[in-house]
Amino acid sequence: MFCLCRFPVIHQLAGESHYRLGCLYQKTACGRSSSCSAQKLKHSRSQAEKHFNKAFQYYLPEHHAKEILRLLLDKSTLFELQAQQGQGVRLQLKLLESALSSLLQCQTALCHYQPCHEHETQPVESQQETKEEVEEGRRSEERPESGGDALTSLLLTRLLAVLKQLVSTAMKKSDLPKSSSLAGYKAMYAAALRGSQSRSGTVSEQIQGARVCLETVTGLWPD
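Going by my numbering, the final residue of the sequence shown carries number 211, and the count climbs one at a time with no gaps.
Written out as structure tokens, the structure is:
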């Protein structure tokens, strides 16, 4: 019986196709063109989310950690922009919680994320790598990077931004349900602020710090 899970390249090609489609729909959904009707924007948002979800199903954490991180960051941005365009505090909170949930899903990918090794399977057309590129990758891993890993830093930046929006939006509504507790949002935001210190140190230390930060925030999510 043909087992697709044995072929990470096939998974990546399928995942990339859906991811690119999702990005195209997201570009339309988040655009401010006056020629786009409300119905078209709603359709584009729905299609973007659908293709992002399909791409996520194809990507394998042990092979496509970087792709998963990028995908979840884009998916979070989609929800965040919808929240900014949404009407009503409760709808905005729901969309921001979806954005936060997407970011917290990055934990598994971070366990396999190795930006210097680039262990993730590359697209077919870019699988050829020179010996010089391999050696340069090894050297960059051995030395600490003052700027750190850009993807990990972006993840923490987006996490703080979404949590800050949750707090500010929740303050507009006094009768929040327990699942949308203002105190809970504040606790998660405070934990994320402390966890953002993981941006210093070596790349591996930053990735580990980001993973711990996400785990801490997840544990504080209101029941």
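Think of the CB as a built atom: it goes at the ideal place given N, C-alpha and C, for glycine as much as any other residue. Predicted model only: the values in this text are computed from it and were never measured.
Limits of the unbroken alpha helix (DSSP H) element including residue i
i	result
GLY74	Counting along the chain, GLY74 falls outside any alpha helix (DSSP H), and DSSP gives it neither H nor E.
THR140	138 to 158
SER192	191 to 207
LYS161	Careful: LYS161 lies outside any alpha helix (DSSP H) and carries neither H nor E.
CYS18	Careful: CYS18 lies outside any alpha helix (DSSP H) and carries neither H nor E.
Three-state secondary structure (DSSP) of residue i
i	result
PRO103	coil
TYR46	helix
GLN93	coil
LEU81	helix
HIS52	coil
SER184	helix
SER64	helix
SER34	helix
CYS11	helix
SER169	coil
SER86	helix
SER5	helix
Whole-Å CB distance - residue i paired with residue j, under 8 Å assumed
i	j	result
HIS39	GLY10	4 Å
LEU144	SER184	5 Å
ALA17	LEU29	6 Å
THR206	LEU92	5 Å
Buried or exposed (CB count within 10 angstroms, at least 16 for buried), residue i
i	result
CYS94	buried
ARG8	exposed
ALA32	First, the amino acid is wrong: residue 32 is Ser here, not Ala. Flag for SER32 reads buried.
SER90	buried
ILE195	buried
LEU142	exposed
GLU106	At GLU106 the pLDDT is 44, less than 50, meaning the model places this residue with poor confidence; the figure from the coordinates comes in the next sentence. Under this definition GLU106 is an exposed residue.
VAL221	There is no way to answer for residue 221, as the model of the chain reaches only from -11 to 211.
GLY3	buried
ARG182	exposed
ILE(-2)	exposed
CYS201	buried
GLY19	exposed
GLN45	exposed
MET176	buried
GLN72	exposed
PHE36	Correcting the residue identity first, residue 36 is Ala in this sequence and not Phe. By the 10 Å Cβ count, ALA36 comes out buried.
Neighbour flag for residue i against chain B, beta carbons, 8 Å
i	result
LEU66	In summary, chain B is missing from the structure at hand, where a single protein chain is found.
Task: Validate contact between the segment 80 to 93 and the segment 60 to 67 using beta carbons, cut 8 Å, 3 pairs - done: yes
Open item on the list: Does the structure place the segment 42 to 51 close enough to the segment 70 to 79 that three or more beta carbon pairs sit under 8 Å?
Closed with: no
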